[in-house]
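**Q** Please find one structure pasted underneath; my questions will follow.
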Amino acid sequence: MLRSYDVILVGGGITGLMSAKKLCDIGLHVALVEQHSTLASGPSTRNEGWLHRGTYHAASIRDRHIGIQVARRCIYGHEQLRRFCSEAIEDGDVRPIVMIADGSKVDEVVSRWKEADVQVRPISHAAASKAAPTANFGRVAALFEANDVSVNTRLLYRKLFAMAQKAGCDFYVEHQIERIDGQTAVLKAPSGDLRYVQANKFVYSAGTGARAIFQKHHGVELPIRYWKSHLVITKRLAPVGLFYVDPHEAAMMHHGDVSVIGLNEDALLSPTPSYDVIADRAENLRNAIRRIFPNWSGEDSINIACTKVDLVANATDARSLDIAIREPIPGHVCVLPGKMTEAPYLTDILVSYIHQALDSSVIALRPCDHFEDTQQLLEVG
Ligand SMILES: Cc1cc2nc3c(=O)[nH]c(=O)nc-3n(C[C@H](O)[C@H](O)[C@H](O)COP(=O)(O)OP(=O)(O)OC[C@H]3O[C@@H](n4cnc5c(N)ncnc54)[C@H](O)[C@@H]3O)c2cc1C
Numbered sequence: 037m038l039r040s041y042d043v044i045l046v047g048g049g050i051t052g053l054m055s056a057k058k059l060c061d062i063g064l065h066v067a068l069v070e071q072h073s074t075l076a077s078g079p080s081t082r083n084e085g086w087l088h089r090g091t092y093h094a095a096s097i098r099d100r101h102i103g104i105q106v107a108r109r110c111i112y113g114h115e116q117l118r119r120f121c122s123e124a125i126e127d128g129d130v131r132p133i134v135m136i137a138d139g140s141k142v143d144e145v146v147s148r149w150k151e152a153d154v155q156v157r158p159i160s161h162a163a164a165s166k167a168a169p170t171a172n173f174g175r176v177a178a179l180f181e182a183n184d185v186s187v188n189t190r191l192l193y194r195k196l197f198a199m200a201q202k203a204g205c206d207f208y209v210e211h212q213i214e215r216i217d218g219q220t221a222v223l224k225a226p227s228g229d230l231r232y233v234q235a236n237k238f239v240y241s242a243g244t245g246a247r248a249i250f251q252k253h254h255g256v257e258l259p260i261r262y263w264k265s266h267l268v269i270t271k272r273l274a275p276v277g278l279f280y281v282d283p284h285e286a287a288m289m290h291h292g293d294v295s296v297i298g299l300n301e302d303a304l305l306s307p308t309p310s311y312d313v314i315a316d317r318a319e320n321l322r323n324a325i326r327r328i329f330p331n332w333s334g335e336d337s338i339n340i341a342c343t344k345v346d347l348v349a350n351a352t353d354a355r356s357l358d359i360a361i362r363e364p365i366p367g368h369v370c371v372l373p374g375k376m377t378e379a380p381y382l383t384d385i386l387v388s389y390i391h392q393a394l395d396s397s398v399i400a401l402r403p404c405d406h407f408e409d410t411q412q413l414l415e416v417g
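At position 47 of the sequence shown the residue is numbered 83 (our numbering), and the sequence of numbers has no breaks.
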């Protein structure tokens, strides 16, 4: 039997789950296909769980304009996620401490924060030491409190899944795509049964899997690159989150009793996505943690690695992991959020784009709709 949908999403990370919920909310008939037996088992879960609020990206991205753009999208996503799932916000009343080591950068960073509307408050070294007694602030030129928080992604995704399912989304979990023929696809269930589905639009929210899907099923080579980075998970190191905005220093957020720490600028171009840890990269991160916590033994901790993607537009050295919505072949759209925190912004644009392309509702067109170029919506990032 052939089942028909308005939209079939391929990939059930944050982008797919959030798109499913939002597309169902406007009354579309939606299905989501996920290859694994659990949803969001890739980068959407193997990350730092840092719900950014622009503090880090406004300061750390080399190009001022891009840094401010990314920061604004993070603020948009941060506020939307806090409203949508306040129950997933961890330590919401504890403000993390931002550290700037390079004194010559402080004025520029503060002016970027101001322009992007990033909320920070300067604090003294004494106040920082009181908030995080085991941390070494001796190398730090300036300190601030920020409004970034940690998010329990599992709870967030559960809510997105539950709300999408309630709104009528069909989930094909642990289904492999056998074939895509125009607007029809053949899916293989874990039992080996084949299911035939069709949709007006296929939306590939497949993260690191998007390149392979377009290669295999559409013969299209998307200019997607893979960037590997590492995290250390250890017993909680401080009552508050602490992060440098300087390159090659550490950034730490917390989830309950554990700290999850990444290294700024730890992005190694890789030929394929993988979870393999590269020992010397992990050691760089461990050394950066010791620069903040000189007494950290490193016991009871683990290294993990994960891969991010970006879709290269024109730049040869784009590393800001820009968001992207592209329709390389009609009816087949690729969406990549850059960061988890940017997924709300990206999926709002996606919904607007899909709505313009598919709307057959009883709602009248606006006079300006006759002039609007749907393609314009794809010019994001
Ligand atoms: C180490 C690291 C730390 C990070 N930390 C943060 C952070 O703290 N804050 C933040 O905002 N962002 C962070 N990010 C970025 C963030 O994790 C990603 O941008 C985001 O999770 C991408 O979500 P996604 O849903 O687009 O893709 P994914 O999470 O990759 O989900 C894609 C889904 O598609 C499925 N799929 C793939 N191919 C197929 C196929 N052929 N058929 C069916 N299903 C398929 C996959 O199984 C997966 O479930 C981090 C990334 C990394 C690597």
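Backbone N, C-alpha and C fix where the C-beta goes; we use that ideal spot for every residue, glycine too.
Rounded to the nearest angstrom, how far is the Cβ of residue 160 from that of residue 85, given a contact under 8 Å?
**A** Going by Cβ atoms, the distance from residue 160 to residue 85 rounds to 29 Å, so no, they are not a contact pair.
**Q** What does DSSP give as the partner residue(s) for residue 342 in the beta ladder?
**A** In the DSSP output, where bridge partners are listed per residue, residue 342 has 265.
**Q** My understanding is that residue 87 touches residue 184, with C-beta atoms under 8 Å, so please give their C-beta distance in whole angstroms.
**A** Confirmed, about 7 Å.
**Q** Can you tell me which of the three DSSP states residue 237 falls into?
**A** Of the three classes helix, strand and coil, the one that applies to residue 237 here is strand, per DSSP.
**Q** Please check the pair residue 332 and residue 273, which I expect to be a contact at CB under 8 Å, by giving their CB distance rounded to whole angstroms.
**A** Yes, residue 332 and residue 273 are in contact; Cβ-Cβ is about 7 Å, under 8 Å.
**Q** Determine the direct distance from the alpha carbon of residue 75 to that of residue 43, and round the result to whole angstroms.
**A** Roughly 18 Å between the two C-alpha positions.
**Q** Do residue 189 and residue 343 have their C-beta atoms closer together than 8 Å?
**A** Not in contact: residue 189 and residue 343 (Cβ atoms no closer than 8 Å).
**Q** Please find out if some non-hydrogen atom of ligand 1 comes closer than 7 Å to the beta-carbon of residue 288.
**A** Residue 288 Cβ: outside cutoff for every heavy atom of ligand 1.
**Q** Please state if the CB of residue 239 and the CB of residue 67 are separated by a distance shorter than 8 Å.
**A** No.
**Q** For residue 207, which of 73, 250, 303, 311 has the nearest alpha-carbon?
**A** Taking only the C-alpha atoms, the option nearest residue 207 is 73.
**Q** One question on the structure: do residue 182 and residue 276 come within less than 8 Å of each other, judged by their Cβ atoms?
**A** No.
**Q** Using a 10 Å radius around the Cβ and a threshold of 16 neighbouring Cβ atoms, would you call residue 351 buried or exposed?
**A** Note that residue 351 scores a pLDDT of 49, beneath 50, so its modelled location is shaky and nothing firm can be said.
**Q** If you draw a straight line from the C-alpha of residue 51 to the C-alpha of residue 382, how long is it?
**A** If I take the Cα positions, the gap works out to 8 Å.
**Q** Across which residues does DSSP place residue 41 in a beta bridge pair?
**A** According to DSSP, residue 41 bridges with 235.
**Q** Within 7 Å: the Cβ of residue 209 and any heavy atom of ligand 1?
**A** For ligand 1, not one heavy atom lies less than 7 Å from the Cβ of residue 209.
**Q** Should residue 407 go down as buried or exposed, given a rule of 16 or more other Cβ atoms within 10 Å for buried?
**A** By the 10 Å Cβ count, residue 407 comes out exposed.
**Q** State the DSSP-derived secondary structure class of residue 11, mapped to helix, strand or coil.
**A** Absent from the model: residue 11. The displayed extent of the chain is 37 to 417, so no value can be given.
**Q** Does the structure place the segment 119–131 close enough to the segment 384–395 that three or more beta carbon pairs sit under 8 Å?
**A** As far as the Cβ criterion goes, the segment 384–395 does not touch the segment 119–131, which means the pair count is below three.
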